[in-house]
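Peer 1: Just passing along the structure, written as structure tokens.
Protein chains: 2
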Amino acid sequence: MGGAYREFIAMITVNATRLLGRMQTMAEIGALPNGGVRRLALTDEDKLARELFIRWCRELNLEVTVDEMGSIFARKRARPRGDSLQPVLLTGSHLDSQPSGGRFDGVLGVLAALEAVEVLIENNINHAYDIEIVSWTNEEGARFAPAMIASGVFAGAFTLEYALDRTDASGTRLGDALKCIGFAGSRSAVYRTDSPESPESPESPSLPSSPSLPSSPVKAYIELHIEQGPILEQAGESIGIVGGVQGIRWYDVTIHGKETHAGPSPMAMRNDPVPVLGALISRLYTMAAGFGDDARITIGELSVQPGSRNTVPGTVQFSVDIRHPLADTLQAMHEQVLEICAGDGIGCTEIWHSPPVHFDAGCVDAVEAAARQLNYAHRRMVSGAGHDAVYVSRVAPTAMIFIPCRDGISHNEAEFARDEHVIAGANVLLATLLKLK
Amino acid sequence: MGGAYREFIAMITVNATRLLGRMQTMAEIGALPNGGVRRLALTDEDKLARELFIRWCRELNLEVTVDEMGSIFARKRARPRGDSLQPVLLTGSHLDSQPSGGRFDGVLGVLAALEAVEVLIENNINHAYDIEIVSWTNEEGARFAPAMIASGVFAGAFTLEYALDRTDASGTRLGDALKCIGFAGSRSAVYRTDSPESPESPESPSLPSSPSLPSSPVKAYIELHIEQGPILEQAGESIGIVGGVQGIRWYDVTIHGKETHAGPSPMAMRNDPVPVLGALISRLYTMAAGFGDDARITIGELSVQPGSRNTVPGTVQFSVDIRHPLADTLQAMHEQVLEICAGDGIGCTEIWHSPPVHFDAGCVDAVEAAARQLNYAHRRMVSGAGHDAVYVSRVAPTAMIFIPCRDGISHNEAEFARDEHVIAGANVLLATLLKLK
Chain A
1 MGGAYREFIA MITVNATRLL GRMQTMAEIG ALPNGGVRRL ALTDEDKLAR ELFIRWCREL
61 NLEVTVDEMG SIFARKRARP RGDSLQPVLL TGSHLDSQPS GGRFDGVLGV LAALEAVEVL
121 IENNINHAYD IEIVSWTNEE GARFAPAMIA SGVFAGAFTL EYALDRTDAS GTRLGDALKC
181 IGFAGSRSAV YRTDSPESPE SPESPSLPSS PSLPSSPVKA YIELHIEQGP ILEQAGESIG
241 IVGGVQGIRW YDVTIHGKET HAGPSPMAMR NDPVPVLGAL ISRLYTMAAG FGDDARITIG
301 ELSVQPGSRN TVPGTVQFSV DIRHPLADTL QAMHEQVLEI CAGDGIGCTE IWHSPPVHFD
361 AGCVDAVEAA ARQLNYAHRR MVSGAGHDAV YVSRVAPTAM IFIPCRDGIS HNEAEFARDE
421 HVIAGANVLL ATLLKLK
Chain B
1 MGGAYREFIA MITVNATRLL GRMQTMAEIG ALPNGGVRRL ALTDEDKLAR ELFIRWCREL
61 NLEVTVDEMG SIFARKRARP RGDSLQPVLL TGSHLDSQPS GGRFDGVLGV LAALEAVEVL
121 IENNINHAYD IEIVSWTNEE GARFAPAMIA SGVFAGAFTL EYALDRTDAS GTRLGDALKC
181 IGFAGSRSAV YRTDSPESPE SPESPSLPSS PSLPSSPVKA YIELHIEQGP ILEQAGESIG
241 IVGGVQGIRW YDVTIHGKET HAGPSPMAMR NDPVPVLGAL ISRLYTMAAG FGDDARITIG
301 ELSVQPGSRN TVPGTVQFSV DIRHPLADTL QAMHEQVLEI CAGDGIGCTE IWHSPPVHFD
361 AGCVDAVEAA ARQLNYAHRR MVSGAGHDAV YVSRVAPTAM IFIPCRDGIS HNEAEFARDE
421 HVIAGANVLL ATLLKLK
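So the protein lines, in turn, are chains A and B.
Going by this note's numbering, the residue at position 348 of the first sequence is 348; the numbering climbs one at a time, nothing skipped.
Going by this note's numbering, the residue at position 346 of the second sequence is 346; the numbering climbs one at a time, nothing skipped.
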């Protein structure tokens, strides 16, 4: 490869009009009145979005396959040799949304990947590995819990059977919903290369032998996403180089008191859980503050039973979510949560622990080199939210690219990313793919 | 009246077996598995309870009338002169229950009144005034809000039209539900004696002329009820002489924050309403404690929106209920609630104010004299809960009698009052009626 070609490659950028146009077209599927979308996984709206995405992929002669979880893969060959087991660069995100979601969350990563591939085709650019665009099924977890279920199956965090058996609020099985919209594919949903290039065995129990082919070895997975937080915007930066994901621990806390009529019982004769709640909230927030700027605490669910204005509650229940990028610090926070939420009548149960994730140094460096080459203001950061990339990182070298979103708002119709940031993110994705060899 | 007759009168007591038997029979209507009852106002269960009560009244040849609110009145004449406008001693309570209520709340006051009347009949005892047993419609407010609606109409707190127009959760009008169970009576539901004996004009706007007769002047209203609090039980006393009712003020408090994903936003960039909640709870409870043993504060409703484990709530809403028997102290507490719940992003609205009620000194003294005569351990106290007596006290001299209930529990299947206390309460009611002249 000569110097002139390298220079040409370094100047290649995405077609802003085309990418923004596709973002707009996609946002019309399940559009809500205030600019957001409602495109819950495996609904008719999701089906329309999938069909539109596949049509665009087929227009570029990409090879479209669908796996057993309904995730869509669209492959651009590095050269026409027709071997499905050649290693790939995987890139994408998801097309499903929250019930009242934004039009950037997930869609950006899928359509920017498509745009990057189209630029490669238009410019007839050589690349070392096949590139596969992926749209993961049910990332949001809004219709079927848990979230990121298809990338979780891919990485062996859940078995395929478990995932297909999940039901939505009306009792519909995920597997049946897949069939209903015609997206129960035959490609293996589990990453099993059966080759030494697979960096790690999936954790799932061995599956019954299936006719599905083993997956192509994944050389790298790159996911572009809006930040869903305020850091880049407040710093005036365009690109976040995501080196990993915060560790997260979740708790259910219950304070047991005694249900009593609000009037007759003197305060001294009550067993009222509410003042205990007040004290616990204060102690928990003070605890988190003591662990510095990278520590987070959230009490997102909070309810009292029976919830009657003139009845002293019998119980108070609330959730605690603590996060930190460092495992040791998260462990220290955990111990303090247990200490604070101990005592007569207080129950505290840890229900989830997702240790901090550290992405692949080579992939992260490639993203940083791309941002630097394109001269975008950038910073290294950790993701506070979960993404399909977290699961994929268990089985393949992974990194993420963030762009700012207004006020850090996501999972909301008000979610918004500026055109220049959408384009910047897509350009960094394109340049990263070209750097990964 | 000679001394021997007075001595005889003072020895008269209720028939324990008969009263407890009727309590048991009534508890079978709408019985729940754990000893409680579900007898929501104007349901089929309420109809059965009403019919049973009326059957018992008719067996004693009482004159049964039903008013426009469905409240049932059963009259024992002092002498057979047949004038409906003769003054009455009114006594009773209610037969409806909470959705999962106890079998003493309300029923005790109605059936003890019936028992007292039956003892007067059996013993052929002279009394100065006609006695009317009343069972008020929809005291609980569990099916139709507001609570104590029929006694409220009686006292002019609500117009009849307003009350009949109230709807339950399924949209059924109270007036239609009354017709449905056959209890839309013709007696005036509003206390209008059109005579100088009426102590006060009702506050309701003047009603269209109706064929209903003016009510009999009420000389006194006496209501026997379980305490629904722990004071008598803990003091080992059998009778509460209720001199009044705590004043109550209700507030809706909202803390506005900003809905944010639990992960990405550093704590310093959040506008999280939860730590504000923690601080407000602590300050409100500390404030109430500063007003001494008679002050009460309850936060019975508390919710966060959107209520998702990994989302910083956008808003927190909670109710505040403060109570005190003295108007001045309640006002001082009110001012402090407003002061504590002031500040950026905090909204506090008072939604109800029920000033302290002071019952009629003559009626309260009569209850106390009765308890003393019967040698029951007793105390003067205020009611912490609302009762039909609160509204009736606006238009007629009123007092209440309390008996202990186990652990102060009410509005719950576990509600329980010991036989000896049921009998004590009924005996005090009987003796009080005989003292009121």
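Backbone N, C-alpha and C define an ideal beta-carbon position, used for all residues, glycine too.
Since the model is a prediction, treat every value here as computed from it, not as a measurement.
1. Going by the DSSP bridge assignment, what does A/LYS76 pair with across the sheet?
2. Could you give the distance in angstroms between the alpha-carbon of A/CYS348 and the alpha-carbon of A/GLU237?
3. Alpha carbon to alpha carbon, how far is B/TRP136 from B/TYR391? Give it in angstroms, no decimals.
4. Nearest by alpha-carbon distance to B/ILE351: which of B/ALA366, B/ASN427, B/ASP252, B/LEU430 is it?
5. Between which two residues does the beta strand (DSSP E) carrying A/MET26 extend?
6. Return the Cβ separation of A/ALA370 and A/LYS435 in integer angstroms, given the expectation that the two are a contact with Cβ distance under 8 Å.
7. What three-state label does DSSP hand A/GLU51 in the structure shown?
8. Below 8 Å on the Cβ atoms is my contact criterion, and I expect A/LEU160 with A/LEU42 to pass it. Report the Cβ-Cβ distance as a whole number of Å.
9. So, is the C-beta of B/ASP419 closer than 8 Å to a C-beta in chain A?
10. To the nearest angstrom, report how far apart B/VAL134 and B/SER71 are at their CA atoms.
11. If we call anything under 8 Å between Cβ atoms a contact, is B/TYR191 one with B/THR91?
12. Any residues in the stretch 96-126 of chain B with a beta carbon nearer than 8 Å to a beta carbon of chain A? Which ones, in chain order?
13. Please state if the CB of A/GLU227 and the CB of A/CYS363 are separated by a distance shorter than 8 Å.
14. Give the interface partners of B/HIS261 over in chain A, defined as CB-CB distance under 8 Å, in chain order.
15. For chain B, is any of its Cβ atoms less than 8 Å away from the one on A/VAL312?
16. Whole alpha helix (DSSP H) runs in the stretch 86-152 of chain B with 4 or more residues, listed along the chain?
17. Label A/PHE484 either buried or exposed according to how many other C-beta atoms from any shown protein chain fall within 10 Å of its C-beta, with 16 as the threshold for buried.
18. Counting only Cβ-Cβ distances shorter than 8 Å, please list the residues of the stretch 260-280 of chain A near chain B, keeping chain order.
19. Using a Cβ-Cβ cut-off of less than 7 Å, list which residues of the stretch 291-302 of chain A approach chain B; keep chain order.
20. With H, G and I counted as helix, E and B as strand and the rest as coil, what does DSSP make of A/LYS219?
21. I'd like to know whether the C-beta of A/ALA288 is nearer than 8 Å to at least one C-beta of chain B.
22. On the DSSP letters alone, give me the boundaries of the beta strand (DSSP E) that B/ALA371 sits inside.
23. If the cut is a Cβ gap below 9 Å, which residues of chain A does B/VAL304 touch?
24. Helix, strand or coil: which one does DSSP assign to A/THR432?
25. Using a beta-carbon distance below 8 Å, is B/GLN331 in contact with chain A?
26. Roughly how many whole angstroms lie between the Cα atoms of B/SER97 and B/GLU140?
27. Could you compute how far the alpha carbon of B/LYS47 sits from the alpha carbon of B/ARG58?
28. Report the rounded CA-to-CA distance for B/TRP56 versus B/LEU430, giving the unit in angstroms.
29. Does any C-beta atom of chain B lie closer than 8 Å to the C-beta of A/LEU433?
30. Could you pull out every residue in the same chain whose Cβ sits closer than 8 Å to the Cβ of B/GLY244, ignoring the five residues on either side in sequence?
31. Taking the alpha carbon of B/LEU89 as the reference point, which residue from B/ALA399, B/GLY156, B/ILE403, B/VAL422 has its own alpha carbon closest?
32. In angstroms with no decimal places, state the Cα-to-Cα distance between B/PRO217 and B/VAL153.
33. Go ahead and pull the three-state DSSP assignment for B/GLU7.
34. List the endpoints of the continuous beta strand (DSSP E) containing A/VAL274.
35. Whole-angstrom Cβ separation of B/ALA426 and B/VAL110, contact assumed at under 8 Å?
36. Is any beta-carbon of chain A found at less than 8 Å from that of B/SER204?
Peer 2: In brief:
1. Looking at the DSSP assignment, A/LYS76 forms a beta bridge with A/ILE131.
2. Going from the Cα of A/CYS348 to the Cα of A/GLU237 covers about 40 Å.
3. Taken atom to atom, the span from the alpha-carbon of B/TYR391 to that of B/TRP136 is near 11 Å.
4. Looking at B/ALA366, B/ASN427, B/ASP252, B/LEU430, the one whose alpha-carbon comes closest to that of B/ILE351 is B/ASP252.
5. Taken as a continuous stretch (DSSP letters only), A/MET26 belongs to no beta strand (DSSP E), being part of the alpha helix (DSSP H) at 16-27.
6. Right, the Cβ-Cβ distance comes to about 6 Å (below 8 Å), so this counts as a contact.
7. Residue state, collapsed to three classes: helix.
8. Between A/LEU160 and A/LEU42 a beta carbon distance of about 16 Å is seen, past the 8 Å cut, so the two are scored as non-contacting.
9. Closer than 8 Å: no.
10. Taking the straight line joining both Cα atoms gives about 7 Å.
11. Cβ atoms of B/TYR191 and B/THR91: not closer than 8 Å.
12. Listed in sequence order: no entries.
13. No.
14. Here the neighbours are GLN228, GLY229, GLY384, ALA385, GLY408, SER410, HIS411.
15. With 8 Å as the cut-off, A/VAL312 counts as an interface residue toward chain B.
16. The DSSP assignment places 107-122 as complete runs of the alpha helix (DSSP H) inside the stretch 86-152 of chain B, in order along the chain (cut-off: 4 residues).
17. Here chain A has residues from 1 to 437 only, and residue 484 of chain A is not among them.
18. Cβ contacts with chain B: THR260, HIS261, ALA262, GLY263, PRO264, SER265, PRO266, MET267, ALA268, MET269, ASP272, VAL274, PRO275, LEU277, GLY278, ALA279, LEU280.
19. Listed in sequence order: ASP293, ARG296, THR298, ILE299, GLY300, GLU301, LEU302.
20. Three-state result, A/LYS219: strand.
21. Residue contact with chain B for A/ALA288: present (Cβ-Cβ distance below 8 Å to some residue of chain B).
22. B/ALA371 -> not in any beta strand (DSSP E); alpha helix (DSSP H) instead, spanning 361-373.
23. Neighbours of B/VAL304 in chain A, taken as residues at a C-beta separation under 9 Å, are given in chain order as ILE299, GLY300, GLU301, LEU302, SER303, PHE318.
24. Helix at A/THR432.
25. Answer no: the Cβ-Cβ gap between B/GLN331 and chain A never drops below 8 Å.
26. Near 6 Å, if we compare the C-alpha coordinates of B/GLU140 and B/SER97.
27. Using only the alpha carbons, I get a separation of about 16 Å.
28. Near 18 Å, if we compare the C-alpha coordinates of B/LEU430 and B/TRP56.
29. Interface residue (Cβ-Cβ distance to chain B less than 8 Å): A/LEU433 is not classified as such.
30. Excluding the 5 residues flanking it on each side, B/GLY244 has same chain C-beta neighbours closer than 8 Å at PRO325, PRO356, VAL357, HIS358, PHE359, VAL382, SER383, in chain order.
31. Selected option, being the one with the closest Cα: B/ALA399.
32. Each residue's Cα considered, the two are about 16 Å apart.
33. Under the three-state reduction of DSSP output, B/GLU7 falls in the helix class.
34. If you look at A/VAL274, you'll find it isn't in any beta strand (DSSP E); it sits in the alpha helix (DSSP H) that goes 273-289.
35. Contact between B/ALA426 and B/VAL110 does not hold, since the beta-carbon distance rounds to 11 Å and is not under 8 Å.
36. With a pLDDT of only 42 at B/SER204, under 50, the local geometry of the prediction cannot be trusted, and the value read off the model is given with reservation. No - not a single Cβ of chain A is within 8 Å of the one on B/SER204.
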